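Data first, discussion second: the structure below is written as structure tokens.
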Amino acid sequence: MKPFVCQRLVWSACLTLSAALPFSAAVAQAPATPLVTKAAAGKWAIVLHGGAGVIERSSMTPERDRAYREGLAASVRAAAAVLDRNGSADDAVEAALRLFEDNPLFNAGKGAVFTAEGRNELDAAIMDGKTGKAGAVAGLTHTRNPISAARAVMDKSQNVMLVGAGAEQFAASVGIVQVDPSYFFTEPRWQGLVRQLKKEGRPIPQRPVGAPPEPAVPVAELETPDAHKWGTTGIVVRDRDGNIAAGTTTGGVQAKRFGRVGDSPIIGAGTYASNDSCAVSATGTGEFFIRLTVARTICALVQYRGMGLQAAADEVVQKQLVAIGGDGGMIAITPDGQLAWSFNTPGMFRARMVEGGTVQLGIYRDEP
Ligand code: ASP
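This is the structure:
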């Protein structure tokens with residue numbers, strides 16, 4: 119059986135992709151298992167996302183579908199490897215998100231969307247649930263792995279949020295790798311920008327300095343031309359000690375202007391973690407997530423109303439966000455091991471795993 123012919127029932131088999139197996143082998147061999155919603159005490163657990171939006175089977179080729187699933191599974195494995203050697207939740211968050219940032223399929227690091235001026239401006243945040251410490255960066259243009267810059271702000275500065283040139287000056291001063299902005303260029307993202315700007319009748323910026331020569335034929339895209347989607351990445355983790363952490367990293371929204379910053383690096387909006395409640399990473403139209411302080415609101419429902427994690431997530435994503443026209447999704451975890459995701463879009467790249475279990479992946483709405 120080929121993965122792209124998996125249908126509703128069979129997809130649950132596809133989801134039980136073993137972390138150790140190559141994708142095709144895992145799909146062929148895996149038995150169906152229900153989605154794990156709770157991790158046992160003393161076991162680590164991971165939930166991550168690679169963005170939400172109009173992601174439908176009809177607009178996805180089999181190869182793309184497979185590549186995204188492999189990308190999600192690779193980041194799960196990176197976090198799992200850290201946790202398996204008794205690493206901290208923070209280390210697992212950073213390891214998984216660095217991999218996403220290096221993967222051109224996702225809107226973070228290399229592969230980030232372009233601004234209207236043809237630049238890549240990167241945002242990231244991390245929060246440690248045990249200490250309540252947090253670090254965030256926004257508007258980076260040279261930092262290869264923004265999540266590591268955010269981590270350095272948390273661990274090595276007196277601050278929580280640094281932006282732009284100053285943030286990169288700090289990052290460089292603590293040894294975080296800086297690159298030429300052309301490093302972040304990818305053809306599909308560039309063509310996506312040009313297509314959007316043309317459609318909206320806005321000026322098209324010059325092809326960036328250092329970009330490879332323009333290809334003669336358009337690059338095949340994941341999305342239909344009119345699809346609205348995001349590709350931000352985020353992860354929440356519980357380590358064996360029961361400490362939780364959250365991280366999010368993104369290029370923001372395509373064709374953004376004027377130094378626009380979304381929810382991802384805003385503590386309490388797109389990223390939040392506290393051992394008193396939960397850890398959340400969000401993806402979607404950031405302005406709505408900021409206005410509702412989505413991540414903190416979900417955790418407040420858990421903390422003060424005693425709601426279960428999934429119910430709290432659904433309350434905010436399916437009701438409060440929808441009520442103000444906000445679209446997107448989120449992932450979450452609690453110190454007692456509850457795992458959740460919720461999204462109000464046709465799809466969200468997502469995965470979860472608990473220690474001793476298998477990687478469970480989903481992309482489309484009709485998957486578990
Ligand atoms: N939330 C991000 C932002 O608004 C976008 C995304 O999730 O892809 O910047």
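For the sequence shown, my numbering assigns the number 119 to the initial residue and increments by one for each residue that follows. Glycine included, each C-beta is placed from N, C-alpha and C at the ideal position. Keep in mind that this is a model prediction, so the values were computed, not measured.
What residue range does the alpha helix (DSSP H) around W308 cover? Position 190 of the sequence shown, counting from 1, holds the residue named residue 308. Segment E305 to K317, the alpha helix (DSSP H) holding W308.
With 16 as the cutoff for other CB atoms within 10 Å, does D246 come out buried or exposed? If you number the sequence shown from 1, residue 246 lands on position 128. Around the CB of D246, 16 or more other CB atoms lie within 10 Å, so the residue is classed as buried.
Ignore the nearest five residues each way along the sequence and tell me which others in G480's own chain have a CB closer than 6 Å to its CB. Within the sequence shown, the letter at position 362 stands for residue 480. Excluding residues within five positions, the ones whose Cβ falls inside 6 Å are R468.
Looking at the unbroken alpha helix (DSSP H) that takes in D202, where does it start and where does it end? The count along the sequence shown starts at 1 and reaches residue 202 at position 84. That run of the alpha helix (DSSP H) goes P180 to D202.
Inside the segment 361-415 only - alpha helix (DSSP H) runs reaching at least 4 residues: Within the segment 361-415, the complete alpha helix (DSSP H) segments of 4 residues or longer fall at 404-409, listed in chain order.
Give the straight-line distance between the Cα atoms of V231 and P306, rounded to the nearest whole angstrom. Locating residue 231 in the sequence shown gives position 113, where the first residue counts as 1. Locating residue 306 in the sequence shown gives position 188, where the first residue counts as 1. Roughly 9 Å between the two C-alpha positions.
Please indicate yes or no: does the CB of G360 lie closer than 6 Å to some heavy atom of the ligand ASP? Working through the sequence shown from its first residue, we reach residue 360 at position 242. The beta carbon of G360 sits no closer than 6 Å to any heavy atom of the ligand ASP.
Can you tell me whether Q421 is helix, strand or coil according to DSSP? The sequence position of residue 421 within the sequence shown is 303, counting from 1. Of the three classes helix, strand and coil, the one that applies to Q421 here is helix, per DSSP.
Are there any heavy atoms of the ligand ASP lying less than 6 Å away from the beta-carbon of T350, as far as the coordinates show? Along the sequence shown, one-based indexing puts residue 350 at 232. Result yes, Cβ under 6 Å from the ligand ASP.
Should T367 go down as buried or exposed, given a rule of 16 or more other Cβ atoms within 10 Å for buried? Looking up residue 367 in the sequence shown gives position 249. It counts as buried.
Measuring from the CB of V412, is there a heavy atom of the ligand ASP at a distance below 6 Å? On the sequence shown, position 294 is the one that residue 412 refers to. The beta carbon of V412 sits no closer than 6 Å to any heavy atom of the ligand ASP.
Which residues bound the beta strand (DSSP E) around L215? Taking the first residue of the sequence shown as position 1, residue 215 is located at position 97. Where L215 is concerned, there is no enclosing beta strand (DSSP E), although the alpha helix (DSSP H) it sits in stretches over A207 to D220.
Along the chain, where does the alpha helix (DSSP H) containing I451 start, and where does it finish? Translated into positions along the sequence shown, residue 451 becomes position 333. Here I451 belongs to no alpha helix (DSSP H); instead the beta strand (DSSP E) covers G446 to I451.
Note down the Cα distance separating R375 from G160, rounded to an integer number of angstroms. Residue numbering aside, residue 375 sits at position 257 when the sequence shown is read from its first letter. Residue numbering aside, residue 160 sits at position 42 when the sequence shown is read from its first letter. Pairing R375 with G160, the inter-Cα distance amounts to about 46 Å.
Can the beta-carbon of V434 be found closer than 7 Å to that of N462? The sequence position of residue 434 within the sequence shown is 316, counting from 1. The sequence position of residue 462 within the sequence shown is 344, counting from 1. Going by C-beta atoms, V434 is not nearer than 7 Å to N462.
Counting C-beta neighbours from all protein chains within 10 Å, is the total for V496 16 or more, i.e. buried, or is it exposed? Shown here, the chain extends from 119 to 486; a query on residue 496 therefore has no answer.
In terms of residue numbering, what span does the alpha helix (DSSP H) encompassing F288 cover? For the purposes of this step, residue 288 is taken as the residue at position 170 of the sequence shown. Counting along the chain, the alpha helix (DSSP H) containing F288 begins and ends at G282 to S291.
Please say whether V312 and A207 have beta carbons closer to each other than 7 Å? Counted from its first residue, the sequence shown places residue 207 at position 89. Counted from its first residue, the sequence shown places residue 312 at position 194. Result no, Cβ atoms of A207 and V312 do not sit closer than 7 Å.
With a threshold of 6 Å, establish whether the CB of D381 neighbours any heavy atom of the ligand ASP. Numbered from 1 along the sequence shown, position 263 holds the residue referred to as residue 381. D381: yes, Cβ under 6 Å from the ligand ASP.
Going by CA-CA distance only, name the one from K251, A289 and A283 that's closest to S266. Position 148 of the sequence shown, counted from the first residue, corresponds to residue 266. Of the candidates K251, A289 and A283, the one whose C-alpha sits nearest the C-alpha of S266 is A289.
Are the CB atoms of I449 and V200 within a distance shorter than 7 Å? Here residue 200 refers to the residue found at position 82 when the sequence shown is read from its first residue. Here residue 449 refers to the residue found at position 331 when the sequence shown is read from its first residue. No, they are not a contact pair.
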